[in-house]
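Residue numbers (my numbering), protein chains in the order written: chain F, 11 to 778; chain W, 11 to 778. Ideal Cβ positions, reconstructed from N, Cα and C, are used throughout, including at glycine. What follows is one structure encoded as structure tokens, with my remarks underneath.
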């Protein structure tokens with residue numbers, strides 16, 4: 011798919027209609043506004059292959075677990091953010107022939123995602139039977155201002171004939187999920203209504219009773235003028251809509267404006283939904299398409315003001331980074347602490363349940379730097395809200411006394427995943443959740459979070475680590491057996507360096523924060539001790555002991571960190587040895603072959619070093635990078651960004667640039683051959699880090715922002731906006747020069763290449 | 011369930027009807043004749059819980075694989091020996107009230123399995139509405155003489171009233187499989203027929219088109235006399251039968267004799283099935299119930315003449331061993347080389363596909379000693395027939411040049427299993443298949459098998475081992491990474507001692523047999539070289555090199571064998587430490603907890619020592635037994651027999667006896683709480699070995715039979731029949747005395763307690 015989409019700084023452009031690329035494009039051109047999302051499915055009927063996707067944040071379905079062989083401890087269900095009823099349907103009939111791009115000749119097809127304003131537009135000419143040509147232009151958006159509103163402008167122009175154009179605008183509740191475990195339909199329809207200028211559909215998930223009211227209204231216009239057409243109301247058990255028609259002269263354009271509201275029972279009483287939904291869509295209709303679009307576009311411009319990154323001199327890189335930032339902003343707005351960021355956001359069904367360790371390890375930094383701290387805080391509070399369930403989850407696995415294991419995949423705090431080697435063993439996620447607390451406090455300075463919420467979580471996670479290790483008399487150390495690291499190309503291994511490191515660090519940080527809270531907020535500490543039933547003397551001793559004596563596999567006098575016990579027994583191979591026809595190996599090799607090979611999906615040791623960079627000397631980082639990088643296949647979307655960051659850090663700029671493109675254009679260029687299923691939303695946070703932490707060299711050091719710019723040679727400059735505590739900065743880095751503009755906030759001390767500078771409020775600092 | 015069934019030397023007896031035990035009893039009282047099998051489902055209607063099971067050897071269904079998360083390399087289907095249409099149905103109506111043991115009062119219920127004659131009988135008194143009491147007596151068998159025939163004698167006696175008795179005898183094709191992955195029905199019915207005195211049902215599996223014709227006829231008698239009743243033919247889309255009625259006086263007995271034939275398309279052309287089936291059942295009918303039963307009973311007595319084991323002084327042990335021998339003989343007769351021995355035989359659906367390593371490692375010895383060598387040879391030929399598919403299976407996993415990996419589970423040579431840690435990693439099965447060749451030749455003296463079939467298989471398996479290891483520079487040895495041993499309570503481990511031992515031994519034996527065939531049958535060797543494309547110089551060097559330098563984890567100067575790398579890092583626990591409420595742990599602990607615990611499902615090291623006992627000194631055996639036995643939970647049905655054999659060998663007689671009872675009465679006393687699903691047929695071969703190899707101390711040494719009797723203290727004697735090459739022996743061991751009668755064959759040299767004796771043909775040897 012490389013080079014399929016046209017390179018452009020602000021847009022993604024597809025020229026020409028290629029049905030075999032359509033499902034991929036449906037992912038790429040997805041829209042979202044934090045509350046709902048929509049794949050780039052066609053409005054008009056399309057009988058070709060398509061993955062229909064309308065998603066509503068927080069509305070999920072507990073799909074009964076499907077496994078081959080049940081293991082004790084598996085969850086009963088997998089929570090899936092599910093395909094919901096669709097509001098976009100606009101069927102078009104030309105002299106009663108249905109317009110279907112799978113069944114006519116298509117020319118001049120252009121599909122455009124305008125990332126600056128979050129609109130999806132499409133135009134094409136269709137040649138129907140008897141050679142009739144019609145031009146179609148469509149534009150739609152999901153309002154970021156009123157996030158329960160979507161709108162479409164859909165125009166039809168007969169090019170070489172005059173005739174009857176009929177349009178059927180409808181809501182469709184006959185929804186199927188491709189990712190359903192037992193081919194069940196997840197939705198039932200409670201009510202449908204179709205009346206003059208209005209249709210409504212109230213649907214309900216068959217389990218958990220989420221209710222969604224979709225309401226729609228429309229205008230039909232010739233030029234600026236409304237057309238009043240006889241309206242046929244059509245409603246079936248699961249759909250409702252109106253069909254109108256008009257006679258159109260050759261060259262004349264007829265336009266349907268469709269407005270829809272999508273309200274759900276998370277936010278309103280069920281019995282108020284229908285009426286609220288009607289009012290919402292009437293309000294939108296009254297406001298009108300142009301005004302809605304203007305508000306929406308302006309709000310998006312404002313978003314970019316806080317989060318844009320400008321790359322001069324490399325359109326592919328520029329388009330890539332904006333594509334990533336765009337989708338992150340579409341997926342999560344931070345307004346609702348019940349929500350989180352799913353691996354595919356609103357772009358596909360796969361990996362259904364929303365929350366993985368991705369959020370803490372890869373996405374949090376973007377939101378810390380581009381939005382108010384309340385947004386990141388909500389991501390942390392989400393986990394705090396799930397603490398009790400994480401404790402129950404650990405209990406199921408035999409842990410006790412308030413130890414918590416956060417789920418691998420969750421939407422409501424309960425574990426959803428059902429592969430033993432991941433569900434029960436990929437426990438490093440606990441470490442990422444602990445680290446996020448530290449990372450948030452370090453960046454925002456919001457230490458209050460520690461005693462308000464964080465420390466409870468830290469204690470529960472530390473308890474888990476302390477129970478999960480066991481003493482090995484052989485090694486005279488604590489060992490951690492039977493885990494899976496982030497590198498999922500090994501399962502059930504012993505002493506995964508990364509997991510042991512996360513465990514050790516969590517214990518140490520917990521001890522440190524216990525001391526801090528005890529000293530600074532003794533009353534809060536008393537509350538926490540009582541709440542967590544913390545046995546202070548005994549548990550502190552245990553935490554210290556485990557942290558001190560945990561085992562780390564290593565070579566070269568402890569400087570080269572080994573991913574796990576026995577790694578060096580493997581036949582050592584390098585990514586360069588591998589025939590490209592065999593890649594990705596997870597599509598070509600049997601699982602056992604992958605497991606016993608020396609290849610990594612992602613490099614655990616480097617993930618750990620990137621997380622705790624300040625614990626290691628440059629020499630150690632280099633030694634480990636040079637050892638692990640050649641063994642890494644980057645078949646995890648979360649892998650390349652880490653190598654970009656570390657590569658830049660140790661001046662492996664070619665590698666850093668290669669890895670940057672790979673993460674930034676992972677989906678645009680479909681590196682992993684799976685973009686049809688949806689985009690890799692969470693790895694987009696990694697792209698942002700690759701740019702800002704990698705090339706920008708941003709860190710927090712000594713409680714200050716610190717930059718160590720590494721602008722790739724052939725780039726003219728990088729400029730990015732960041733929020734840091736009270737300050738809003740624009741940072742521009744060109745070869746040999748760094749300019750920092752303090753757009754808001756007071757004087758700010760910061761480090762550039764290790765040298766302390768002050769950038770005054772509303773002023774600019776230039777360092778050559 | 012302990013002590014639920016009455017102890018009896020030849021029978022299993024259930025007194026009293028306990029619906030909660032019914033599904034277990036359906037397993038325990040199953041019948042089979044090698045070609046078909048039948049769970050002890052009631053003939054009459056039963057609306058309570060029941061697992062219906064009628065099985066036809068070799069008729070299977072490729073059920074679409076169900077997994078949670080697909081791994082590359084998984085098979086498309088799981089072959090299931092499936093529940094087939096049922097021929098046993100006899101509904102009874104008393105004055106139009108249906109007899110249903112779930113809906114009436116039941117007294118004087120006795121169910122009896124006569125193992126000597128392979129019959130299932132049942133009697134009870136049912137009290138119906140208005141206090142009517144009827145007595146029912148039923149007896150059925152599956153003829154071992156004509157293995158396509160089953161017959162039932164079913165009598166009804168009104169005890170306290172006179173009235174109408176109606177009987178509906180039918181064939182039922184509306185079959186469900188509880189173990190269906192997607193709740194599909196596996197059978198469709200091609201034709202049904204019901205006419206005077208005859209009904210027929212032709213059914214077809216929805217995939218693979220196995221066709222089965224079931225035909226039935228019956229007689230209704232009062233005393234000795236036929237009753238001619240009006241017959242109502244009833245047929246539906248999926249069933250066919252006849253309903254007859256008669257008026258019966260209080261105290262008078264009315265009896266239905268039902269004859270059925272079951273023919274399938276493995277043995278006849280499809281279009282001949284209906285007619286052949288009709289003829290077969292007519293022939294049976296003509297012969298009559300008593301004669302059929304007599305032939306059948308005599309044939310079973312003859313079977314016992316070759317395979318019985320008599321224990322004097324311990325009814326529980328006696329009943330246990332006969333129960334095991336009985337079910338082995340019911341499951342497999344060795345007449346058809348396409349068949350094999352499934353883990354549940356004809357007693358349940360679970361583990362569907364028939365063939366596991368169980369056959370070679372646990373069942374072969376019983377058939378070697380109790381049947382003509384052709385029977386065991388057929389079990390070996392079965393694998394030879396699958397060689398090409400085993401090579402293809404290995405290719406899917408990345409192996410090449412004719413390396414073979416036999417499937418974990420198969421019916422036709424293709425792999426069916428779909429758990430990566432087993433399918434791809436439990437590769438020790440390859441070793442068991444190689445060892446079976448050696449074991450067969452050693453016992454039968456049939457060395458011709460080696461060049462005719464065996465060596466091709468050995469070479470292909472050796473190639474697999476040679477490719478499966480890799481050189482570890484760290485250890486300066488070949489290591490085998492990522493395997494699962496017989497102890498499935500550890501997955502994806504490195505250097506499993508047992509697997510490495512099997513690999514080393516296979517390589518050595520292959521090299522030895524190559525030399526032997528080359529020397530003794532050079533033309534055959536030329537044929538094999540060409541067939542296997544064997545690169546003699548190179549491959550022999552590789553085989554030697556790997557066999558010499560393969561790594562074995564051990565402690566205590568190499569005398570204590572370690573199950574796998576890193577075992578001693580585990581927190582060491584013993585079976586005695588475990589609360590009985592937590593056992594079996596696979597029903598109480600999450601999988602990860604099991605994996606990282608030191609507990610074993612079965613002891614790999616002891617399995618290996620039992621296999622290669624002559625490679626180890628008594629001191630080594632004791633040291634390893636004392637280390638591993640206390641860590642073993644025996645949650646595999648294949649575990650206790652190994653401990654019984656080794657325990658007896660090293661005079662741990664209490665342990666040996668405990669383990670013997672556990673294997674012999676595993677199902678009768680339902681140790682693993684799962685007997686309702688079916689019996690553990692293959693582990694019954696282990697029971698036989700526990701008795702004959704354990705207490706009898708039978709081995710083959712210096713090409714002779716060797717006995718080292720270890721009769722448990724409180725037993726008076728053990729006597730068993732065995733066939734060894736041309737001789738048929740009865741061996742009787744009492745405390746301090748061994749008598750061997752040579753029932754057939756010439757003079758035979760043998761060892762008793764290491765001393766050589768000769769037992770002459772048709773003569774008796776007594777050694778005190």
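| query | Going along chain F, which residues have a C-beta under 7 Å from residue 600 of chain W? | reply | Within 7 Å Cβ-Cβ: 82, 83, 406, 407, 408, 434.
| said: On the DSSP letters alone, give me the boundaries of the beta strand (DSSP E) that residue 641 of chain F sits inside. | reply: Note, residue 641 of chain F: premise wrong, no beta strand (DSSP E); not H, not E.
| Residue of F:690, F:709, F:607 minimising C-alpha distance to residue 656 of chain F | Residue nearest to residue 656 of chain F within the set F:690, F:709, F:607 is F:709 (criterion: CA-CA distance).
| query | Does the distance from the CB of residue 225 of chain W to the CB of residue 163 of chain W come in under 8 Å? | reply | Going by C-beta atoms, residue 225 of chain W is not nearer than 8 Å to residue 163 of chain W.
| Taking the Cβ atom as the reference point for each residue, do residue 428 of chain W and residue 84 of chain W lie within a distance shorter than 8 Å? | Yes; because the gap between Cβ atoms is below 8 Å, this pair is in contact.
| request: Please report the Cβ distance between residue 741 of chain W and residue 717 of chain W, rounded to the nearest whole angstrom; I am assuming they are in contact, meaning their Cβ atoms lie under 8 Å. | output: So it is a contact: roughly 7 Å between Cβ atoms.
| field | Interface partners of residue 77 of chain W on chain F, CB under 8 Å | value | Residues of chain F passing the Cβ test: 76, 77, 78.
| task | For residue 430 of chain W, go through chain F and note every residue whose CB falls closer than 9 Å to its CB, in chain order. | result | The contacting residues are 431, 501, 600, 601, 602, 605.
| Closer than 8 Å to chain F by CB, residue 597 of chain W | Closer than 8 Å to some Cβ of chain F, the Cβ of residue 597 of chain W qualifies, so yes.
| task | Report yes if the C-beta distance between residue 613 of chain W and residue 630 of chain W is below 8 Å; otherwise report no. | result | No, they are not a contact pair.
| So, is the C-beta of residue 575 of chain F closer than 8 Å to a C-beta in chain W? | With its beta carbon less than 8 Å from one in chain W, residue 575 of chain F belongs to the interface.
| said: Can you check whether the C-beta of residue 578 of chain W is within less than 8 Å of a C-beta belonging to chain F? | reply: True, the Cβ-Cβ gap to chain F drops below 8 Å.
| request: Taking residue 365 of chain W and residue 735 of chain W to be in contact with their CB atoms under 8 Å, please state how far apart those CB atoms are, rounded to whole angstroms. | output: About 27 Å separates the two Cβ atoms, so there is no contact after all.
| task | Take residue 53 of chain W as the anchor and find which of W:88, W:146, W:92, W:21 has the nearest alpha-carbon. | result | Nearest in C-alpha terms to residue 53 of chain W, of all of W:88, W:146, W:92, W:21, is W:146.
| said: Tell me which residues share the same chain as residue 10 of chain W and place their Cβ nearer than 7 Å to its Cβ, disregarding the 5 neighbours each side in the sequence. | reply: Since the first residue shown for chain W is 11 and the last is 778, residue 10 of chain W is missing from the structure and cannot be characterised.
| said: I'd like the list of long-range same chain contacts for residue 539 of chain F, defined as Cβ closer than 7 Å, with 5 residues on each side in sequence excluded. | reply: Closer than 7 Å at Cβ, skipping near neighbours: 546.
| request: Pair every Cβ in the segment 549-557 of chain F with every Cβ in the segment 580-590 of chain F, then say whether three or more of these pairs are closer than 8 Å. | output: Cβ pair count under 8 Å is below three, so no.
| query | When you compare each of F:26, F:700, F:266 to residue 234 of chain F by their alpha carbons, which one comes out closest? | reply | Comparing Cα positions, the closest option is F:266.
| Anticipated Cβ contact below 8 Å, residue 111 of chain W with residue 136 of chain W, distance rounded | Yes, residue 111 of chain W and residue 136 of chain W are in contact; Cβ-Cβ is about 7 Å, under 8 Å.
| What span of residues does the beta strand (DSSP E) with residue 768 of chain W cover, start to end? | Start and end: 765-769.
| field | Close Cβ partners of residue 13 of chain W (< 7 Å) along its chain, the five nearest in sequence each way excluded | value | Once the five neighbours on either side are set aside, residue 13 of chain W has no close Cβ partner at all.
| said: Quick check on DSSP: helix, strand or coil for residue 389 of chain W? | reply: If DSSP states are grouped into helix, strand and coil, residue 389 of chain W belongs with the helices.
| Are any of the Cβ atoms in chain F nearer than 8 Å to that of residue 116 of chain W? | By this cut-off, residue 116 of chain W is not an interface position.
| query | Roughly how many angstroms separate the alpha carbons of residue 442 of chain W and residue 493 of chain W, rounded to a whole number? | reply | Cα to Cα, the separation comes out at about 15 Å.
| Min CB distance residue 16 of chain W to chain F below 8 Å | For residue 16 of chain W, the answer is no, since every Cβ of chain F falls outside 8 Å of its Cβ.
| query | Of all Cβ atoms in chain F, is any one closer than 8 Å to the Cβ of residue 615 of chain W? | reply | Chain F has no Cβ within less than 8 Å of the Cβ of residue 615 of chain W.
| message | Let's test the definition: count the other Cβ atoms within 10 Å of the Cβ of residue 80 of chain W and tell me whether it reaches 16, buried, or not, exposed. | response | Exposed.
| Residue of W:601, W:574, W:526, W:778 minimising C-alpha distance to residue 434 of chain F | By alpha-carbon distance to residue 434 of chain F, the top candidate from W:601, W:574, W:526, W:778 is W:601.
| Who are the near neighbours of residue 534 of chain W in its chain, counting only those whose CB is closer than 7 Å to its CB and skipping five residues on each side? | Cβ contact annotation for residue 534 of chain W (same chain, cutoff 7 Å, sequence separation greater than five): 461, 527, in chain order.
| Measuring CA to CA, which of F:38, F:316, F:421 is closest to residue 684 of chain F? | Ranking F:38, F:316, F:421 by Cα distance to residue 684 of chain F puts F:38 first.
| said: On a Cα-Cα basis, can you pick out the residue from W:413, W:382, W:609 that is closest to residue 397 of chain W? | reply: Minimum Cα distance to residue 397 of chain W is reached at W:413.
| message | Give me the subset of the segment 578-592 of chain F whose CB atoms are less than 9 Å from a CB atom of chain W, sorted by chain position. | response | Cβ contacts with chain W come from 578, 579, 580, 581, 582.
| query | How about residue 725 of chain F and residue 251 of chain F: do their beta carbons lie closer than 8 Å? | reply | Against a cut-off of 8 Å, the Cβ pair of residue 251 of chain F and residue 725 of chain F comes out as no contact.
| Helix or strand or just coil, what does DSSP make of residue 316 of chain W? | Residue 316 of chain W falls in the helix class under three-state DSSP.
| field | Extent of the continuous alpha helix (DSSP H) run through residue 745 of chain F | value | Here residue 745 of chain F belongs to no alpha helix (DSSP H), and DSSP marks it neither H nor E.
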